[in-house]
Amino acid sequence: MQWIALIASMMGAWAPAAQADVFENYAELAASCRAGRDYAVIAVERRSPVAVFSIHGGYIERGTSDLADAIAGRDFSRYDFRGLRPGRRSLRYHITSSHFDEPRALSLAAHSQYCVSVHGYSPRPAGQVVSLGGRTHE
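Below, the structure is given as structure tokens:
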């Protein structure tokens, strides 16, 4: 599997200044928070070598779920972990990407040849920026 990261501050995507994560991994988050009230997980596997992820979706990094939906359309597999609480309350559900281990995300990634992950951030100085990166060699 090849990872390609897409970081966007367009379409209203936003992320606050860096702060320490409350939870080290998904197991810690799931033990303290309630699915359907605090966060939601949506995983759709399609017959495609490509999967599009927004692991900081909903109110965690606003706009990333919408952008990932637009990229995936009806062609690519899709994974969304979204904070459901408006404002800064959803920021506590942020898990650093390298520690993100929600089981449905790991399963979808394992079954995909290419994984595209959408992240939001606020560039300094403010402006509309799209950053692309990853480890694909093709």
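Just so we're aligned, residue 75 is where the sequence shown starts under my numbering, counting upward by one.
Think of the CB as a built atom: it goes at the ideal place given N, C-alpha and C, for glycine as much as any other residue.
These numbers come from a predicted model, not from an experiment.
Inter-stretch contact at 8 Å, needing at least 3 Cβ pairs: the segment 150-163 / the segment 122-134: Verdict: yes, contact present.
Those runs of the alpha helix (DSSP H) which lie wholly inside the segment 110-198 and span at least 4 residues: 138-146 and 177-184
Local Cβ density within 10 Å of residue 168, reported as buried at 16 or more and exposed below that: Counting from 1 along the sequence shown, the entry for residue 168 is found at position 94. Buried, since its Cβ has 16 or more Cβ neighbours within 10 Å.
7 Å Cβ shell around residue 118 - same chain, five flanking residues per side excluded: For the purposes of this step, residue 118 is taken as residue 44 along the sequence shown, with counting starting at 1. Answer for residue 118: 151 and 152, listed in chain order.
Endpoints, alpha helix (DSSP H) assigned at residue 101: The residue given as residue 101 occupies position 27 in the sequence shown. Secondary structure note for residue 101: its alpha helix (DSSP H) is the uninterrupted segment 100-106.
For residue 128 and residue 114, believed in contact at Cβ under 8 Å, the rounded distance: What you label residue 114 is simply residue 40 of the sequence shown in a count that begins at 1. What you label residue 128 is simply residue 54 of the sequence shown in a count that begins at 1. In fact, because the Cβ distance is near 12 Å, the residues do not count as touching under 8 Å.
Residue of 178, 137 and 146 minimising C-alpha distance to residue 195: Walking along the sequence shown from the start, residue 195 turns up at place 121. With distances taken between Cα atoms, residue 195 lies closest to 137.
Whether residue 126 touches residue 146 by CB criterion (8 Å): To locate residue 126, count along the sequence shown from 1; it is residue 52. To locate residue 146, count along the sequence shown from 1; it is residue 72. For residue 126 and residue 146, yes; Cβs fall inside 8 Å.
CB of residue 124 within 8 Å of CB of residue 190, strictly: Start at 1 with the first residue of the sequence shown, and residue 124 comes out as number 50. Start at 1 with the first residue of the sequence shown, and residue 190 comes out as number 116. Contact flag set, yes.
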